[in-house]
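Protein sequence lines correspond, in order, to chains Z and Y.
So the first sequence is residues 1183 to 1714, counted in the numbering used here.
So the second sequence is residues 1183 to 1714, counted in the numbering used here.
Protein chains: 2
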Amino acid sequence: MTATVNRTDTLTGQMIIAGTFVTGTGETVRGLDPSTDTVLEPGYAHGDDTHVDAACSQAAAAFDRYRSTTSEARARFLEAIADNLEALGDTLVNRAAAESGLPVGRITGEVGRTSGQLRLFAGVLRDGGWNGARIDPAQPDRSPLPRADIRQRKIPLGPVAVFGASNFPLAFSVAGGDTASALAAGCPVIAKAHDAHPGTSELVGRAITAAVVQTGMPAGTFSLLYGHGPTLGTSLVTDPRVKAVGFTGSRSGGTALVAAAAARREPIPVYAEMSSINPVFVLDTALQTRGADLGKAFVGSLTLGSGQFCTNPGLVIAVDSPGLTTFVESAGAAIADTTPTPMLTPTIANSYSAGVDALSAASTVEAQAPGSDAPNSCGAAIFSTDADTFLGSEVLQQEVFGSASLVVKCTDAAQVRDVAAALEGQLTATVHADDADMDDAAALVNVLELKVGRILFDGWPTGVEVGHAMVHGGPYPSTSDSRSTSVGSLAIERFLRPVAYQDVPPALLPSAIADGNPDRLWRRIDGRLVQD
Amino acid sequence: MTATVNRTDTLTGQMIIAGTFVTGTGETVRGLDPSTDTVLEPGYAHGDDTHVDAACSQAAAAFDRYRSTTSEARARFLEAIADNLEALGDTLVNRAAAESGLPVGRITGEVGRTSGQLRLFAGVLRDGGWNGARIDPAQPDRSPLPRADIRQRKIPLGPVAVFGASNFPLAFSVAGGDTASALAAGCPVIAKAHDAHPGTSELVGRAITAAVVQTGMPAGTFSLLYGHGPTLGTSLVTDPRVKAVGFTGSRSGGTALVAAAAARREPIPVYAEMSSINPVFVLDTALQTRGADLGKAFVGSLTLGSGQFCTNPGLVIAVDSPGLTTFVESAGAAIADTTPTPMLTPTIANSYSAGVDALSAASTVEAQAPGSDAPNSCGAAIFSTDADTFLGSEVLQQEVFGSASLVVKCTDAAQVRDVAAALEGQLTATVHADDADMDDAAALVNVLELKVGRILFDGWPTGVEVGHAMVHGGPYPSTSDSRSTSVGSLAIERFLRPVAYQDVPPALLPSAIADGNPDRLWRRIDGRLVQD
């Protein structure tokens, strides 16, 4: 089929199935500027199972050719997507800012982060390490039995379903990390737009579709659908042609997709990033020497993006002391100076209010931001409790999505570690420590390694660097699969699996494991890493 | 606690929990020599939930210290296990041969394979690539925001439950591949012995326990339990202290464990190897030029170990032709010359008979081995059918564990590919091709890559080389997780997950990612692989 790409900036309100614009048949949703409660045109009609079937059929048809493209060809495709996103300029920034209520500056940064991620994976493709090339050469004279020639490389799993997240309308959405890593791996992508930013999703979907055409990729390499998670989303995850799922969102949504994928005739991997309260540990001397500064800086991280980061610091754990009192007072003063800012959607704002009410009922209110008449706004708040109460309360251990944080006061460093050990899995843990705290810090790190995907010192967990060493993941329930990351170059491994080739004739060997190393890869030859 | 190791060759009939011998409380099982139906003493009483609790408690207690041992220390531990296994000599070989009905020669080879696996992982530990070390150095002057110092390494998941398989009483059992890779990764192991070889399991468990003591590992690093899969096995998989599972066995058993693990409050990975019929494709010119030789060699692979290999060739797919007739006639003649050999257990022998009956009812009987009065014996058999019948029959597509194979006759090369594309996931696919078959072979490989873990040419799938490039795995239902392998050095990745360290003080950094590269590892610095 010929791809038809709408290159104008006018939003169509349509889905994109393998390059073709298609109008849905279901409920029509519209964007909403949460800062003003203004509805944003056009309407987007949700798709149905025929659209899921069409997108999956096209993705499956595209897979064979797409997975056979060279690393260089896919690198150029990813770069074309990045270029197209940036070329959208204010059109994209303004729409995403309006649909999310996030400041223009933040969204501008997020465009750069998104195109940066795509270019990072272009680099990963050119490096070629993702192939995992290994060769154990034949040993025809080995006794008692000769050894065959055995080679290994990684291949893509197949079409991947990507669920856009509400809180990063670009970096964790239609062209976000999951899409970038899946496309890099050689997997066609079917993205489900998040209803909170349908116009942004269309703009980004068109940028990807244009790149498909520009770089000659098969049309089914990318589709964009609109629909509810429990209906269209489940159809997508249970379609036999879909071979893996990327999701960022709520614990209930992620858990439902994991269960649906596990109940398939052929179960498939689901990478769901779900829930994290990101504990911050402030050790004794650090509290003593700079409790006031830390309290103020903490509020900066807590209120960033209305507290709607996956890595928002929802928990502070420390030994009760004058330093901690100073920290809390300083944080409280900073919170009193904040102005409530809009949350992503009315539903999220209502959930936040309910979460704050629950925390108020179960702990001590330390500080709250001034009230606001602005719609859907998030007023930051800090609560406190003691460690025993915390450990005995399910409510206090749950994530409240937004700028709310709970200070857990411990009796001593051992109880701090006990609290750490009792936590569920987390994306991050932060430690503030002075030199005199190093022994406590070492003991704490030993506990935290088993609880989180990223340990950071003397900073704040919000702001996830996109690079090669980043891990944005962690034990359940922060994610459904701790063995990988959703940010950074290691994410490509989510969508790959190894295949061995034994005595396969040279003419049929993929170039990554061919004789003479035509791709100039680092390969393990008999287990030793060489660029042969 | 002090480990007490029984160093005599006298079997105790006891479980081993963290170095202590413990007598079970449940049903008592005994080994059985299936070739003579002779019961083998002593009895082994199954454990109960208190034993699971004790083993898990000890494993969890050992984990912290065990995961902190150096790669070199764990390498020596694995080598000590290998040495201890070999030192058991005839005691181990004779008991395993008696309990399995497998020939002494085969068991002797399997001891070497098992100790070889352990030594392979010792080498993997010394190489250090398993750490996945990555460093993105700080960029304090970056604009608009400085970049933090971010480092990544892999850490072990935690205690691993390993289920011994019946068909390799050594290489896929108590000290088999799953145990070797989990111990290498830094995970304590709780092994569940297979009831078909309880004495072998005790001997091997004692060899591991002795190595724990010899190399100063914490006692809870290894435990050995006896029990039923649905009861004790499920308790083990659902214990919150167990963080991953390795299993080789039936599709029903594996599926049940996967479901139990997915239903946990914290779901965990299960690596279950379950079912594979290992299609063999014989292309036209190969059939024409060497159909008779191939038919004879095929029977050699089919009858190896009474057909009880996971990679046994249960399916032959080819274009119907005079060459195929020659192949089948030659295979039939070879089968007529075979003597039925004992299967592992009476249950397995009964299942084989039932499977042969089902194949007889649904297809054409081409050849069967002579009858035998020996107990529990497996008579090889070949059946045939046409492609349409095969594609329409669930019975014909199911694994029959033993020396039975089905020849599927196709009309042309396109139908051969259609049959390949319709198959469930497999561990292996074998292609026999002459130079003139290369175009067909290339098209077929393209289909097979998406179906199997290993593609091999001009050989036979039985005999899985233990090395760095091997993949013994594949899409569902051959395994529950196609992203890894159970044989070969890549298997260590099953039991690891990445952790990022951001601005962590140098004194607290693990050596794998420390400044100055004290472990002399290959590491990715800003994404580039260097031995810095």
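Even for Gly, the Cβ is constructed at its ideal location relative to N, Cα and C.
Taking 8 Å as the CB-CB limit, is residue i close to chain Y?
i, result
"W1704/Z", "yes"
"E1448/Z", "yes"
"L1476/Z", "no"
"D1708/Z", "yes"
"L1711/Z", "yes"
"D1360/Z", "no"
"D1318/Z", "yes"
"D1421/Z", "no"
"D1246/Z", "yes"
Only counting the same chain, and skipping five residues up and downstream in sequence, which positions put a Cβ closer than 8 Å to that of residue i?
i, result
"V1510/Z", "G1477, E1548, A1549, I1564, S1566 and V1589"
"T1527/Z", "L1214, P1216, S1348, A1378 and N1558"
CB-CB under 7 Å to residue i, same chain, minus the five flanking residues each way: which ones, in chain order?
i, result
"A1717/Y", "The question about residue 1717/Y has no answer, for chain Y in this structure spans 1183 to 1714."
"T1522/Z", "Going by the sequence as given, residue 1522/Z is Pro instead of Thr. Closer than 7 Å at the Cβ level, and outside the excluded window around P1522/Z, lie A1551, S1554, A1556, S1559, C1560 and G1561."
"M1197/Y", "V1204, G1206, G1229, H1233, L1406, L1407 and Y1408"
"V1601/Y", "I1499, A1569, F1572, L1573, V1590 and C1592"
Quick test of your reading: residue i and residue j, contact by CB under 8 Å. State the CB separation rounded to the nearest angstrom.
i, j, result
"G1208/Y", "G1229/Y", "7 Å"
"H1376/Z", "S1355/Z", "6 Å"
"A1373/Z", "V1344/Z", "5 Å"
"G1584/Y", "Q1490/Y", "7 Å"
"Y1226/Y", "P1380/Y", "4 Å"
"R1706/Z", "R1316/Z", "4 Å"
"R1599/Z", "L1626/Z", "6 Å"
"R1288/Y", "A1353/Y", "Wrong, their Cβ atoms sit about 11 Å apart, outside the cutoff."
Ends of the alpha helix (DSSP H) at residue i?
i, result
"L1678/Z", "It is not in any alpha helix (DSSP H) - L1678/Z instead sits in the beta strand (DSSP E) that spans L1678 to Q1684."
"P1380/Y", "P1380 to Q1396"
"Y1248/Y", "D1231 to R1249"
"E1281/Y", "G1271 to S1282"
Once you ignore the five residues that flank residue i on each side, which residues in its own chain have a CB closer than 6 Å to its CB?
i, result
"L1300/Y", "L1260, I1263, A1264 and A1362"
"V1582/Z", "G1537"
"R1676/Z", "Y1453 and S1666"
"A1618/Z", "T1467"
"P1461/Z", "L1497, I1499 and A1611"
At the 8 Å Cβ level, is residue i part of the contact set with chain Z, yes or no?
i, result
"E1631/Y", "yes"
"H1650/Y", "yes"
"P1451/Y", "yes"
"D1466/Y", "no"
"A1444/Y", "yes"
"D1714/Y", "no"
Beta strand (DSSP E) containing residue i: first to last residue?
i, result
"S1545/Y", "Unbroken run through S1545/Y: none, as it is neither H nor E."
"Q1334/Z", "I1332 to P1338"
"H1654/Y", "Where H1654/Y is concerned, there is no enclosing beta strand (DSSP E), given that its DSSP letter is neither H nor E."
"R1636/Z", "V1634 to F1639"
"A1611/Y", "Q1608 to H1614"
"G1415/Y", "Segment: none, G1415/Y is in no beta strand (DSSP E) and carries neither H nor E."
"A1518/Y", "Element bounds for A1518/Y: not the beta strand (DSSP E) but the alpha helix (DSSP H), P1504 to A1518."
"I1564/Z", "A1563 to D1568"
"L1588/Y", "A1586 to C1592"
"R1308/Z", "Unbroken run through R1308/Z is the alpha helix (DSSP H), V1286 to D1309; no beta strand (DSSP E)."
"D1318/Y", "R1316 to D1318"
"K1374/Z", "V1371 to K1374"
Against chain Y: residues of the segment 1322-1338 of chain Z by CB proximity under 7 Å: Listed in sequence order: R1329, A1330, I1332, R1333, Q1334 and I1337.
Any residues in the segment 1653-1671 of chain Y with a beta carbon nearer than 9 Å to a beta carbon of chain Z? Which ones, in chain order? Of all residues in the segment 1653-1671 of chain Y, V1653, H1654, G1655, G1656, P1657, Y1658, P1659, S1662, D1663, S1664, R1665, S1666, T1667, G1670 and S1671 have a Cβ within less than 9 Å of some Cβ in chain Z.
Scan the segment 1278-1293 of chain Y for residues whose Cβ lies nearer than 7 Å to a Cβ of chain Z and list them as they occur along the chain. Only those residues of the segment 1278-1293 of chain Y whose C-beta falls short of 7 Å from the nearest C-beta of chain Z would be listed, and there are none.
Give, in chain order, every residue of the segment 1676-1705 of chain Z whose Cβ lies closer than 7 Å to some Cβ of chain Y. Taking 7 Å as the Cβ-Cβ cut-off against chain Y, the residues of the segment 1676-1705 of chain Z that qualify are R1679, P1680, V1681, A1682, Y1683, Q1684, D1685, V1686, P1687, A1689, L1690 and W1704.
Chain Y contacts made by the segment 1303-1316 of chain Z, where a contact means CB separation under 7 Å: Under the 7 Å Cβ criterion, the segment 1303-1316 of chain Z contributes G1305, D1309, G1311 and R1316.
Proximal residues, the segment 1596-1627 of chain Y versus chain Z, C-beta separation under 7 Å: Answer in chain order: M1620, A1623, A1624 and V1627.
Give, in chain order, every residue of the segment 1505-1518 of chain Z whose Cβ lies closer than 7 Å to some Cβ of chain Y. If the cut-off is 7 Å between Cβ atoms, the segment 1505-1518 of chain Z has nothing near chain Y.
Taking a Cβ distance cut-off of 7 Å, strictly less, list which residues of the segment 1636-1647 of chain Z are near chain Y, in chain order. Hits within the stretch, in order: R1636, I1637, L1638, F1639, D1640, G1641 and E1647.
Output needed in chain order: residues of the segment 1338-1350 of chain Z with a Cβ under 9 Å from some Cβ in chain Y. If the cut-off is 9 Å between Cβ atoms, the segment 1338-1350 of chain Z has L1339 and G1340 near chain Y.
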